[in-house]
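Enquirer: In order, the protein sequences belong to chains G and X. Under this note's numbering, think of the first position of the first sequence as 333, with each following residue one higher. Under this note's numbering, think of the first position of the second sequence as 44, with each following residue one higher. Input: one structure, supplied below.
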Amino acid sequence: MALTVKPAVAGAAGIAVALAIWQAASSAHAAGGSLPAVATVATDLGGLLAEPDFWSAVGATVGIALLGLGASAAAGIVVGVLVGSFEPIRFATRAVLEFLKPIPPIVILPLVVLILGPTGQMSWFLVFLGCLLPIVMQTVDGVHSTDPVARDTARSYGMGSAEILARIVVPSSLPYIGTAMRVSAPAALIITVVAGLLGGGPGLGARLYLAQSGGDYPTLYALVIVLGVLGLMFQGATRFAERRLLHWHESYREVVHS
Amino acid sequence: MTSPHLATTPLEGSLGGEPQGQRPARLDVVHLAKSYGTGDGAKKVIEDLTFSVSAREIVCIVGPSGIGKTTLLKCLAGLQPTSGGRAAIDGREISGPPPEMALVFQDYSRSLMPWLTVRKNVVLPLRHLRLPKAELKARCDEALEAVGLAHAENQFPWQLSGGMQQRVAIARALAYRPEILIMDEPFASVDAQTRFDLEDLCLKIREGFGMTILVVTHDIDEAVYLADRVVVLGSKPARVLRIVDVELPSPRDQIGTRALPEFAAQRTDVLSLIKRPA
Ligand SMILES: Nc1ncnc2c1ncn2[C@@H]1O[C@H](COP(=O)(O)OP(=O)(O)OP(=O)(O)O)[C@@H](O)[C@H]1O
Ligand SMILES: [Mg+2]
Chain G
333 MALTVKPAVA GAAGIAVALA IWQAASSAHA AGGSLPAVAT VATDLGGLLA EPDFWSAVGA
393 TVGIALLGLG ASAAAGIVVG VLVGSFEPIR FATRAVLEFL KPIPPIVILP LVVLILGPTG
453 QMSWFLVFLG CLLPIVMQTV DGVHSTDPVA RDTARSYGMG SAEILARIVV PSSLPYIGTA
513 MRVSAPAALI ITVVAGLLGG GPGLGARLYL AQSGGDYPTL YALVIVLGVL GLMFQGATRF
573 AERRLLHWHE SYREVVHS
Chain X
44 MTSPHLATTP LEGSLGGEPQ GQRPARLDVV HLAKSYGTGD GAKKVIEDLT FSVSAREIVC
104 IVGPSGIGKT TLLKCLAGLQ PTSGGRAAID GREISGPPPE MALVFQDYSR SLMPWLTVRK
164 NVVLPLRHLR LPKAELKARC DEALEAVGLA HAENQFPWQL SGGMQQRVAI ARALAYRPEI
224 LIMDEPFASV DAQTRFDLED LCLKIREGFG MTILVVTHDI DEAVYLADRV VVLGSKPARV
284 LRIVDVELPS PRDQIGTRAL PEFAAQRTDV LSLIKRPA
């Protein structure tokens with residue numbers, strides 16, 4: 333008989349097994365007492381959820397991540413369209429961008445903290461910098477991938493270059509921009525937390541630092557779980573947005589029979 | 044399955060009656076030459092083409108694949124510079140895309156935007172004309188109706204068959220109301236019945252809008268049926284082998300005209316030009 337399992341059931345089973353392993357490891361003092369019991373962490377998590385301060389930290393983290401992401405998307409798309417539209421600029425910037433891209437934004441964290449201090453501004457600026465380059469580079473590729481026939485069509489109907497950029501080039505680049513956003517959204521969250529953890533910026537990163545310095549393992553784990561859930565939500569939201577905006581693209585097309 | 048036959052009633056109503064105040068335009072091609080690339084690597088595609096399309100005339104261009112028909116049309120549409128000679132509309136030299144011209148691309152599916160519905164694709168080139176909303180809608184309705192696609196206006200191009208996509212591209216050109224309509228193998232992927240309907244639509248557009256029409260086709264019967272004159276291209280690089288005046292009575296009719304002995308004579312004429320190496 334074929335085994336038919338609902339994905340949701342399988343997922344729940346997977347989580348249950350993971351929790352069981354966690355509990356077993358904790359009972360066996362596998363990590364030298366640094367791994368609290370599942371129930372302890374759950375209680376702590378419950379406590380956190382009832383705390384208004386916790387929620388303002390969540391708000392700060394999400395707000396900073398979204399602000400940085402939004403700013404880098406706006407700037408990255410504009411810069412990417414400009415760079416991609418002018419061949420000489422594209423060639424001139426290529427090498428520099430390729431060099432800068434693999435540098436993690438954390439490297440410049442000390443510098444940004446020196447300039448802006450341990451503030452929310454510092455955090456979102458770091459997010460902005462971290463997400464900017466991938467978005468710029470993907471947009472450049474997207475602009476370059478615009479079908480020349482589509483471009484010629486627009487030109488032959490007398491559409492001006494600004495209109496062609498807005499109505500042909502940017503939509504053509506959307507699949508590439510979508511990919512960049514899908515990668516950048518979780519990165520924005522991570523950078524925000526790291527900026528709090530290492531740079532003293534507000535939000536869950538700072539809470540994580542407090543829990544760490546106080547040796548408060550249950551809270552540490554509870555925060556990790558919260559961040560995991562937030563990461564999933566970020567990813568889900570970008571996937572949802574991508575599907576909505578790119579429903580016409582090959583990878584999302586549904587054959588509709590009318 | 045019956046093909047989605049093209050509506051005739053709206054045509055009678057809108058395209059049929061009085062010519063709508065369009066200024067008939069004339070197209071002149073004088074010693075046009077075109078090479079791709081420069082220097083030693085240059086590839087000469089068009090040697091020397093001279094012909095003209097009078098106002099309200101339908102001219103068909105026939106010639107073997109790869110001879111440079113699309114190349115010629117791109118030059119006429121101002122999308123690429125010529126390497127020699129000139130092309131002019133009513134005496135004004137073409138140096139960029141002329142506003143009074145519409146081009147239906149051979150690559151119809153790539154010329155439709157996949158993120159826009161059929162209707163929005165048709166409206167796309169009209170946006171910068173800043174027409175009143177009602178006129179925009181009227182033009183779009185009429186054009187879609189004319190190609191028999193009113194029912195598909197909210198679908199996306201990739202949900203349609205090749206022939207339907209081709210008709211969307213034609214509708215977009217009609218809605219633009221050009222003085223000169225240029226089409227690059229526009230009926231290549233439609234079934235025989237729709238093809239006849241579209242050919243007749245082409246004749247009706249000329250009557251209704253007073254358009255000047257230049258059509259590239261592989262199909263010699265089609266060229267003879269549609270055209271007032273057929274420009275036969277040949278040799279490499281391309282030259283005009285001959286310009287054949289089609290002398291068939293108007294109005295033309297798919298069954299009657301094609302049955303005429305003159306029709307057979309004309310198509311044999313053109314065919315022998317193409318078959319025989321120049
Ligand atoms: N952008 C280009 N650069 C270089 N060569 C080109 C370019 N476009 C077309 N050619 C060449 O020019 C020649 C004519 O091409 P063109 O597309 O105009 O032919 P065609 O008559 O339209 O053919 P078909 O009937 O198959 O559509 C071909 O040899 C082609 O390879
Ligand atoms: Mg061609």
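Backbone N, C-alpha and C fix where the C-beta goes; we use that ideal spot for every residue, glycine too.
#1: Check each residue of the segment 469-493 of chain G: if its Cβ is closer than 8 Å to any Cβ of chain X, include it; give the result in chain order.
#2: Check each residue's C-beta against every heavy atom of ligand 1 and list, in chain order, those closer than 5 Å.
#3: Taking Cβ to Cβ, would you say residue 271(X) is nearer than 7 Å to residue 101(X)?
#4: At which residues does the beta strand (DSSP E) containing residue 74(X) begin and terminate?
#5: Residues of chain G with CB closer than 9 Å to the CB of residue 199(X), please, in chain order.
#6: Starting from residue 338(G), trace the beta strand (DSSP E) in both directions and tell me its first and last residue.
#7: Can you list, in chain order, the residues of its chain with a C-beta nearer than 8 Å to that of residue 140(X)? Leave out the 5 residues immediately preceding and following it.
#8: Considering only heavy atoms of ligand 2, does any lie closer than 6 Å to the CB of residue 297(X)?
#9: Based on DSSP bridge pairs, tell me the residues matched to residue 102(X).
#10: Closer than 8 Å, Cβ to Cβ, to anything on chain X: give me those residues from the segment 406-430 of chain G, in chain order.
#11: With 7 Å as the C-beta to C-beta threshold (strictly closer), list the residues of the segment 224-255 of chain X near chain G in chain order.
#12: Along chain G, in chain order, which residues have C-beta atoms closer than 9 Å to that of residue 261(X)?
#13: So if I threshold CB-CB distances at 7 Å, which residues from the segment 101-122 of chain X count as touching chain G?
#14: So which of 194(X), 220(X), 110(X), 239(X) has the shortest CA-CA distance to residue 229(X)?
#15: According to DSSP, is residue 410(G) helix, strand or coil?
#16: Under 9 Å, CB to CB, which of the residues in the segment 493-504 of chain G have a partner in chain X?
#17: Less than 6 Å between the CB of residue 123(X) and some heavy atom of ligand 2, yes or no?
#18: Around the Cβ of residue 537(G), are there at least 16 other Cβ atoms within 10 angstroms (buried) or fewer (exposed)?
#19: Relative to the C-alpha of residue 392(G), which candidate in 382(G), 451(G), 465(G) has its C-alpha closest?
#20: What does the Cβ neighbour count give for residue 191(X), buried or exposed, with the cut at 16 atoms within 10 Å?
#21: Based on the DSSP secondary-structure assignment, which residues constitute the bridge partners of residue 233(X)?
#22: Given that residue 204(X) touches chain G, what residues does it touch there, using C-beta distances under 8 Å?
#23: Could you tell me whether the Cβ of residue 210(X) comes closer than 7 Å to any Cβ of chain G?
#24: Taking C-alpha atoms, which residue in 520(G), 550(G), 478(G) lies nearest to residue 504(G)?
#25: Is any beta-carbon of chain G found at less than 7 Å from that of residue 133(X)?
#26: Quick one, are the C-beta atoms of residue 523(G) and residue 471(G) less than 7 Å apart?
#27: Which word fits residue 318(X), buried or exposed, when buried means at least 16 other C-beta atoms lie within 10 angstroms of its C-beta?
#28: Whole-angstrom Cβ separation of residue 535(G) and residue 454(G), contact assumed at under 8 Å?
#29: DSSP puts residue 277(X) in a beta bridge; with which residues?
#30: Would you grab the beta carbon distance between residue 94(X) and residue 274(X) for me? Rounded to a whole angstrom, and I think it's under 8 Å.
#31: Could you name the residues that DSSP lists as bridge partners for residue 94(X)?
#32: Between the beta-carbon of residue 145(X) and the beta-carbon of residue 137(X), is there less than 7 Å?
#33: If the cut is a Cβ gap below 8 Å, which residues of chain G does residue 154(X) touch?
#34: Taking only beta carbons into account, state which residues of the segment 161-193 of chain X come closer than 8 Å to chain G, listed in chain order.
#35: Ignore the nearest five residues each way along the sequence and tell me which others in residue 525(G)'s own chain have a CB closer than 8 Å to its CB.
#36: Closest to residue 390(G) by CA distance: which of 418(G), 561(G), 582(G) is it?
Expert: In terms of the structure at hand:
#1: 479, 481, 482, 484, 485, 486, 487, 488, 489, 490, 491, 492
#2: Working through the chain, the matches are 79(X), 88(X), 108(X), 109(X), 110(X), 111(X), 112(X), 113(X), 114(X).
#3: As a position in the second sequence, residue 271(X) is number 228, starting the count at 1. As a position in the second sequence, residue 101(X) is number 58, starting the count at 1. Taking 7 Å as the Cβ cut-off, residue 271(X) and residue 101(X) qualify as a contacting pair.
#4: By 1-based counting over the second sequence, the position of residue 74(X) is 31. Element bounds for residue 74(X): 70-79.
#5: Mapped onto the second sequence, residue 199(X) falls at position 156. Result: 579, 580, 585, 588.
#6: Numbered from its first residue, the first sequence carries residue 338(G) at position 6. Element bounds for residue 338(G): n/a, residue is neither H nor E.
#7: Taking the second sequence and counting its residues from 1, one reaches residue 140(X) at position 97. The answer, listed in chain order, is 120, 121, 122.
#8: Position 254 of the second sequence holds residue 297(X). No, Cβ of residue 297(X) sits at least 6 Å from all heavy atoms of ligand 2.
#9: Taking the first residue of the second sequence as position 1, residue 102(X) is located at position 59. In DSSP, residue 102(X) forms a bridge with 257(X), 272(X).
#10: none
#11: none
#12: Looking up residue 261(X) in the second sequence gives position 218. Within chain G, no residue comes near residue 261(X); the closest Cβ sits about 20 Å away, beyond 9 Å.
#13: 120, 122
#14: Counting from 1 along the second sequence, the entry for residue 229(X) is found at position 186. When only C-alpha atoms are compared, the closest one is 239(X).
#15: Locating residue 410(G) in the first sequence gives position 78, where the first residue counts as 1. Residue state for residue 410(G) is assigned as helix, using DSSP reduced to three classes.
#16: Near chain X, meaning a CB-to-CB distance below 9 Å, the residues of the segment 493-504 of chain G are 495, 499, 500, 503, 504.
#17: Translated into positions along the second sequence, residue 123(X) becomes position 80. Result no, Cβ not under 6 Å from ligand 2.
#18: The count along the first sequence starts at 1 and reaches residue 537(G) at position 205. Buried is the call here.
#19: As a working mapping, residue 392(G) is identified with position 60 in the first sequence. Considering only alpha carbons, the answer is 451(G).
#20: Here residue 191(X) corresponds to residue number 148 of the second sequence, with the count starting at 1. Burial call: buried.
#21: Numbered from its first residue, the second sequence carries residue 233(X) at position 190. Beta-bridge pairing links residue 233(X) to no other residue.
#22: Start at 1 with the first residue of the second sequence, and residue 204(X) comes out as number 161. By Cβ distance, chain G contributes nothing, its closest Cβ being about 13 Å from residue 204(X), past 8 Å.
#23: In the second sequence, counting from the first residue as 1, residue 210(X) sits at position 167. No, residue 210(X) does not count as interfacial toward chain G.
#24: Working through the first sequence from its first residue, we reach residue 504(G) at position 172. Of the listed residues, the one whose Cα sits closest to residue 504(G) is 478(G).
#25: The residue labelled residue 133(X) in the question sits at position 90 within the second sequence. No, residue 133(X) does not count as interfacial toward chain G.
#26: Taking the first residue of the first sequence as 1, we reach residue 523(G) at position 191. Taking the first residue of the first sequence as 1, we reach residue 471(G) at position 139. Not a contact, by the Cβ cut-off of 7 Å.
#27: Here residue 318(X) refers to the residue found at position 275 of the second sequence. Its Cβ having fewer than 16 others within 10 Å, residue 318(X) is exposed.
#28: For this step, residue 535(G) is matched to residue 203 along the first sequence. For this step, residue 454(G) is matched to residue 122 along the first sequence. Not quite, the Cβ-Cβ distance comes to about 12 Å (not below 8 Å), so this is no contact.
#29: By one-based count along the second sequence, residue 277(X) stands at place 234. For residue 277(X), which the question treats as bridged, DSSP gives the partners 282(X).
#30: The residue given as residue 94(X) occupies position 51 in the second sequence. The residue given as residue 274(X) occupies position 231 in the second sequence. Residue 94(X) to residue 274(X), Cβ: 5 Å. Contact.
#31: Numbered from its first residue, the second sequence carries residue 94(X) at position 51. Bridge partners of residue 94(X): 72(X).
#32: Taking the first residue of the second sequence as 1, we reach residue 145(X) at position 102. Taking the first residue of the second sequence as 1, we reach residue 137(X) at position 94. No. Outside cutoff.
#33: Here the question's residue 154(X) lines up with position 111 in the second sequence. The contacting residues are 481, 482, 484, 485.
#34: Those residues of the segment 161-193 of chain X that come within reach of chain G (Cβ to Cβ, closer than 8 Å) are 167, 168, 170, 171.
#35: If you number the first sequence from 1, residue 525(G) lands on position 193. These residues qualify, in order along the chain: 393, 535, 536, 537, 540, 559.
#36: Here the question's residue 390(G) lines up with position 58 in the first sequence. When each option's Cα is compared against that of residue 390(G), the closest is 561(G).
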